[in-house]
Amino acid sequence: MNSMYSSIPTAQLIVELCVQNGIKHVVISPGSRNAPLTITLANHPKIKAYSIVDERCAAFFALGMTQRFNAPVAVVCTSGSALLNYYPAVSEAFYSNLPLVVISADRPSHLIDIGDGQTIRQQHVFKNHIAYSANLKGDFHQSEDASILEYNAQEIHKALQTAIRNQGPVHINAPFDEPLYHKTNSLSIDVPELDALKPESTEFDASDFIRSWNSSTKKLVLAGVNLDEEIDEAVLKSLSEDPSVIVMTEITSNISHPNFFTNIDSILAPIELEENTLELFEALQPEVLITFGGLIVSKKVKKFLREFQPQKHFHIDPSEANDTFFCLSQHFETMVSSFFERVNPSLRQLDSSYFESWNGIRLKTLEYRSSYKNEIGFSDFAFYYSLFENLPQDETVHFANSSSIRYANLFDSRREIKAFANRGTSGIDGSTSTAIGYAVASQEPTTLVTGDLSFFYDSNALWNKYIPKTFKIILLNNAGGGIFRILPGNKEEAYFANYFETTHDLHAKHLCDMYQIQYTEARSLEQVDKELPSFFERNASPQLIEIFTPRLENDKVLLAYFDYLKTHIDFQSVLKRRPAESNPN
Numbered sequence: 002m003n004s005m006y007s008s009i010p011t012a013q014l015i016v017e018l019c020v021q022n023g024i025k026h027v028v029i030s031p032g033s034r035n036a037p038l039t040i041t042l043a044n045h046p047k048i049k050a051y052s053i054v055d056e057r058c059a060a061f062f063a064l065g066m067t068q069r070f071n072a073p074v075a076v077v078c079t080s081g082s083a084l085l086n087y088y089p090a091v092s093e094a095f096y097s098n099l100p101l102v103v104i105s106a107d108r109p110s111h112l113i114d115i116g117d118g119q120t121i122r123q124q125h126v127f128k129n130h131i132a133y134s135a136n137l138k139g140d141f142h143q144s145e146d147a148s149i150l151e152y153n154a155q156e157i158h159k160a161l162q163t164a165i166r167n168q169g170p171v172h173i174n175a176p177f178d179e180p181l182y183h184k185t186n187s188l189s190i191d192v193p194e195l196d197a198l199k200p201e202s203t204e205f206d207a208s209d210f211i212r213s214w215n216s217s218t219k220k221l222v223l224a225g226v227n228l229d230e231e232i233d234e235a236v237l238k239s240l241s242e243d244p245s246v247i248v249m250t251e252i253t254s255n256i257s258h259p260n261f262f263t264n265i266d267s268i269l270a271p272i273e274l275e276e277n278t279l280e281l282f283e284a285l286q287p288e289v290l291i292t293f294g295g296l297i298v299s300k301k302v303k304k305f306l307r308e309f310q311p312q313k314h315f316h317i318d319p320s321e322a323n324d325t326f327f328c329l330s331q332h333f334e335t336m337v338s339s340f341f342e343r344v345n346p347s348l349r350q351l352d353s354s355y356f357e358s359w360n361g362i363r364l365k366t367l368e369y370r371s372s373y374k375n376e377i378g379f380s381d382f383a384f385y386y387s388l389f390e391n392l393p394q395d396e397t398v399h400f401a402n403s404s405s406i407r408y409a410n411l412f413d414s415r416r417e418i419k420a421f422a423n424r425g426t427s428g429i430d431g432s433t434s435t436a437i438g439y440a441v442a443s444q445e446p447t448t449l450v451t452g453d454l455s456f457f458y459d460s461n462a463l464w465n466k467y468i469p470k471t472f473k474i475i476l477l478n479n480a481g482g483g484i485f486r487i488l489p490g491n492k493e494e495a496y497f498a499n500y501f502e503t504t505h506d507l508h509a510k511h512l513c514d515m516y517q518i519q520y521t522e523a524r525s526l527e528q529v530d531k532e533l534p535s536f537f538e539r540n541a542s543p544q545l546i547e548i549f550t551p552r553l554e555n556d557k558v559l560l561a562y563f564d565y566l567k568t569h570i571d572f573q574s575v576l577k578r579r580p581a582e583s584n585p586n
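Counting in my numbering, the sequence shown runs from 2 upward without gaps.
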């Protein structure tokens, strides 16, 4: 590819500093004001550029790529409302700690708020959800003002370094004056070699943690979203073998051990139905809580730990700590494996029945979850049994919000799958786009499990030419927002179906025909069990299987599951085996 550059110096500067800071992938949405950037990016030998028309989809597509690469990916748009369409993905990146780089073209300052077309106030537009905003100064094609380029270079570099160091989204806003399409075959500027931002100190004092650990017989480790950290197996083994430790994970934690509690709500929800709920939760209440990873899906574990707070809460994460349970004691800004490598020599195991007592309950929930399959008919819940029985080894699975990820967390796959979901803001707006972006970045077999509202909301995600042949979509179509039948509310009121559940008669076949995606459907459990194995085996083209489940039965089956567990499991047994008193000596 022959090099081609915009003749506007700042456009050259943005692209070259992106390359200098390791950005290799850029998603561009068409426009005129961003032509100087598009010309330079689309022809740069070190940049892989993608063209996606819908800015909202483009931003989530890039977000999926950042999930895979754990490195900045840039999105580029024209001026005006185009930029605002990035906001859902920017907020998701902000709360998921993903280094999304937004680069927007803008009109010069003298054209703002005078009635010029395609113009809004773009400076600091993401101010509440951005790690850094770089508002560049405008220059001209033959500008000789070195101070403008020097200022712009520092701002661009600071934004990109902030994205890398803080693992968060940044915004670079660049005003360009016409003409916009003039080109040159060589750089007309000297690109400065700028130093990386100095790393912040990673020193920490773990003495309080060590004292708390060594004096507690009830320690709960709760793992949130984990995108990329490979936690040392020795750390996981050590936690799993301590009788005073319970490790709770969700499917997006992406760590596993046979002793980990992967079905959190299957334990907490039945306890809420017991007569002596208070006593049981007090027995489960930890003295020390250790959290790591990103956000937690389970509302029940949040409620439990807010009402039955630990004496100490320690969070381990290189970037940030959320005080989710309103009792955060200390944040260790380091990686999980590094933290435990440092403190493990000082940690002691205490005699305790904490794990043993509750592990008996955990094993019973697994046993009765298996038998519950024989008690139910075709439903969303029944489908998930088949899904986890048929998922291929090493499959990457993206779960859409809302019910899709919640059902998945009731099932623990012992297979080595990688699971993702947009849990930063937990919106349904970009699940399909994110999954496709991840699949493009990884070129690994990737499956999206989604509900109908989430899928149809983001149907423009299919409007691109990059979808890999190994990408698959499992669409659970229950003719509405099934999550609202699970949540509290009067489901018999006339307005419920229209304004909450938003019932519909849509199906995905015509979309699949339009975008050349192989389509299959299933309307019974027998069809699901027949179709899923071959669905996962076929890799000649992107595929979608649409599974139609009964709208008015799904919530009943799910809620009856927790009552079934309550009826069959002796939760009172844990009260007969209180944790042993700690013995610091």
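Positions of the beta carbon are idealized from the N, C-alpha and C atoms, including for glycine.
Assigned exposure category for residue i - 16 Cβ within 10 Å defines buried
i, result
"Ser-187", "exposed"
"Phe-327", "exposed"
"Thr-504", "exposed"
"Met-66", "buried"
"Leu-576", "exposed"
"Ser-7", "buried"
"Gly-225", "buried"
"Gly-378", "exposed"
"Glu-562", "The sequence given here places Tyr at residue 562; Glu does not occur at that position. Counting Cβ neighbours within 10 Å, Tyr-562 comes out buried, since at least 16 surround it."
"Lys-313", "buried"
"Pro-170", "buried"
"Ala-147", "exposed"
Integer Cβ distance of residue i from residue j, believed to fall under 8 Å
i, j, result
"Ile-24", "Val-102", "7 Å"
"Val-192", "Leu-18", "7 Å"
"Ile-570", "Tyr-369", "6 Å"
"Ser-30", "Ile-53", "6 Å"
"Ala-420", "Asn-260", "The pair is not a contact, with the Cβ atoms about 19 Å apart (cut-off 8 Å)."
"Asn-44", "Met-5", "4 Å"
"Phe-341", "Leu-477", "No, Phe-341 and Leu-477 are not in contact; Cβ-Cβ is about 39 Å, not under 8 Å."
Inter-residue spacing [alpha-carbon to alpha-carbon] between residue i and residue j
i, j, result
"Val-529", "Lys-128", "47 Å"
"Leu-364", "Ser-267", "11 Å"
"Asn-345", "Ala-207", "11 Å"
"Val-74", "Ala-498", "40 Å"
"Leu-237", "His-258", "7 Å"
"Val-298", "Leu-228", "15 Å"
"Asn-264", "Ile-317", "22 Å"
"Glu-494", "Arg-552", "16 Å"
"His-511", "Glu-538", "23 Å"
"Tyr-373", "Ser-405", "19 Å"
"Pro-244", "Asn-360", "10 Å"
"Ile-484", "Phe-456", "14 Å"
"Arg-166", "Asn-323", "18 Å"
"Glu-554", "Asn-402", "20 Å"
"Leu-560", "Tyr-467", "40 Å"
Beta carbon of residue i nearer than 7 Å to that of residue j
i, j, result
"Pro-319", "Leu-566", "no"
"Asn-410", "Ile-252", "yes"
"Asn-174", "Asp-107", "yes"
"Gly-81", "Gln-124", "no"
"Leu-281", "Phe-572", "yes"
"Ile-487", "Asp-556", "yes"
"Leu-449", "Ala-436", "yes"
"Cys-78", "Glu-56", "yes"
"Pro-176", "Pro-109", "yes"
"Lys-301", "Leu-348", "no"
"Leu-545", "Tyr-520", "yes"
"Asp-459", "Gly-431", "yes"
"Ile-157", "Ala-135", "yes"
"Val-222", "Phe-382", "no"
Selected residue, minimal CA-CA separation from residue i, among the options
i, options, result
"Leu-329", "Phe-293, Leu-285, Gln-13 and Phe-382", "Phe-293"
"Leu-351", "Glu-151, Thr-218 and His-316", "Thr-218"
"Pro-393", "Asn-375, Glu-417 and Glu-376", "Glu-417"
"Gln-444", "Ile-429, Thr-471 and Ser-460", "Thr-471"
"Thr-11", "Ile-190, Gly-428 and Glu-554", "Ile-190"
"Gly-428", "Asn-22, His-45, Phe-400 and Tyr-385", "Phe-400"
"Ala-440", "Asp-55, His-569, Glu-396 and Arg-343", "Glu-396"
"Phe-61", "Ile-232, Glu-308, Tyr-87 and Leu-161", "Tyr-87"
"Ala-59", "Arg-34, Ala-50, Val-28 and Leu-38", "Val-28"
"Ala-235", "His-26, Ser-339 and Asn-479", "Ser-339"
"Lys-184", "Phe-262, Lys-220 and Leu-38", "Leu-38"
"Glu-288", "Phe-333, Leu-274 and Gln-310", "Gln-310"
"Tyr-408", "Gly-452, Ile-211 and Pro-446", "Gly-452"
beta-carbon residue i near the ligand NAP non-hydrogen atom, thresh 6 Å
i, result
"Glu-376", "Here there are no bound small molecules, and the ligand NAP is not part of this structure."
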